[in-house]
Structure formats: C-alpha cells, structure tokens
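Chains A and B, in that order, are what the protein sequence lines are. Each residue of the first sequence is one higher than the last, beginning at 1 in the working numbering. Each residue of the second sequence is one higher than the last, beginning at 1001 in the working numbering. Note that CB positions come from ideal geometry on N, CA and C, so glycine has one too. I have placed the structure first, in the form of structure tokens, so that the comments after it can refer back to it.
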Amino acid sequence: SSDKDVKDEL
Amino acid sequence: MNIFRLAGDMTHLASVLVLLLKIHTIKSCAGISLKTQELYALVFATRYLDIFTNYISFYNTIMKLIFLGSSFSIVWYIKRHKIVHRSYDKDQDTFRHWFIVLPCLVLALLINERFTFKEVMWTFSLYLEAVAILPQLVLLQRTRNIDNLTGQYVFLLGAYRALYILNWIYRYFTEDHYIHWITWIAGLVQTLLYADFFYYYFQSWKNNAKLELPA
C-alpha cells in the first residue's frame, strides 16, 4: 500500500 | 507538492487552529460537535497507521503528528476539561456514531484496492472522513446563534476539501498513472456535503448578517 502516490497526501 | 495541495493543508491546519483557539483561549466548545471530533480522531488514527514505518517527508510526518495530536486533544478538552465541558451542547449533539462508522467499515471491507489490514483501515478512514462532518452540520442547524469562530471552523474545513479536489485535478494532468477512484469519489462526496453550508455562509457574508442555517 505504501507504493501508491496518493499516500503522500494527508 | 503543488499550490492547491499546500493551500489545502494550510486551510486544514487553520481550521484546527481556529477550533483550538476557541477551546483553549475562550474555553468554550459551544456549537462544536463532539461526535464529529471523535470521528476525526478515528479517521486520523486509522489513516496514519504507517506514520512511523513509511517515511515520506519531514513535512508529512509533522503534519500527521499535528492532526493526530490536535484531534485527540480536542476530544479530551470537550470531554474532560472542567470549564470547556460545561459549554458542550450535549442534548443537541445526538448523532449516533454507529450509523456512520459501521457503514463505512462495511464499505471499506467490500470496496478497497487491496484486502490487507492497513489498506482496509486506510480506505475506511477515507469513507469516514467523507461523512464525519454530518453530526457537526446537524448541530449547526440546531444552533440558533452560530458564533463566528464555529462558522469559520466549518468554512475552513470545507475549503480544505475543495482545494484537495483542485489538487487532484492538477495532479491528474501533471503526473502519470494518477488515478484514485476511491479517494476521489469519497472526497467529492465530502465536499458536496458542504454545498448547503457554503451557500448560507456566503449569503450571511454578503448581507453582513449573522450566519443561520434554516431548520
């Protein structure tokens, strides 16, 4: 799950 | 990071600061829904499970700590602080948590991108954040005298969501493979919930009148 770019959002 | 995303985060931060100002300085939580605040604490607790295992940036970690810390301390203030607790509109703030939490949990179990604990919790936090404002909106509608800080708090929260949508549109056109249906639909639903509030907020601003939502 951590490879998704959306995870850099809050 | 683009300007919309940064502006969204700063608006979100400002909303938290406005609420803390009201609670910490004025020692009042009148018009603030404890239910919504508890739901936000749950949103951040389930979304930031990877805070210490998945490092993204210093900014990211600090912001996560701020949102976690502030949401739990706001809940603590309303429930446990002697003076603040007295101003809590308990009889008006009647929304049931379970009507919100359970459907979101079921939906996250059914519709997610990957069936792992962390991923389901993360998806759950998106669904929950989308509807967590509902108890607050219901309470606003029941409050005859909405004070300025409460109105600004809800307005800033709504503005933060609107800016995140602009951020997604920007990222969609500037980045490859940037498609996140779950995030976008949940975010769109969340922003639409503020439409009614925005309408009356701008009306009161234009007419220089007190903010009041029709029952």
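| Item | Value |
| --- | --- |
| Tell me whether the region 1046–1058 of chain B and the region 1086–1095 of chain B touch, counting them as touching only if at least three CB pairs, one residue from each stretch, are closer than 8 Å. | no |
| Less than 7 Å separating the Cβ of B:Arg1047 from some heavy atom of the ligand HEM? | Ligands in the displayed structure: none, and consequently the ligand HEM is not present. |
| Could you work out which residue in B:Gly1187, B:Asp1196 and B:Arg1096 is closest to B:Tyr1160 when comparing CA atoms only? | B:Gly1187 |
| Tell whether a beta-carbon distance below 8 Å holds between B:Leu1156 and B:Leu1039. | no |
| So what's B:Cys1104 in DSSP terms, helix, strand or just coil? | helix |
| Round the Cβ separation of B:Ile1032 and B:Thr1150 to the nearest angstrom and send it over; I've been treating them as touching at under 8 Å. | 6 Å |
| Verify the CB distance criterion: does B:Thr1061 have a CB-CB separation below 8 Å to chain A? | no |
| Look at the Cβ atom of B:Ile1216, then the Cβ atom of B:Gln1141, and state whether they are nearer than 8 Å. | There is simply no residue 1216 of chain B to check, as chain B begins at 1001 and stops at 1215 in what is shown. |
| Quick one: grab the DSSP three-state call for A:Asp3. | Bear in mind that the predicted position of A:Asp3 carries a pLDDT of just 48, short of 50, making it unreliable; the figure below should be weighed with that in mind. A:Asp3: coil per DSSP, three-state reduction. |
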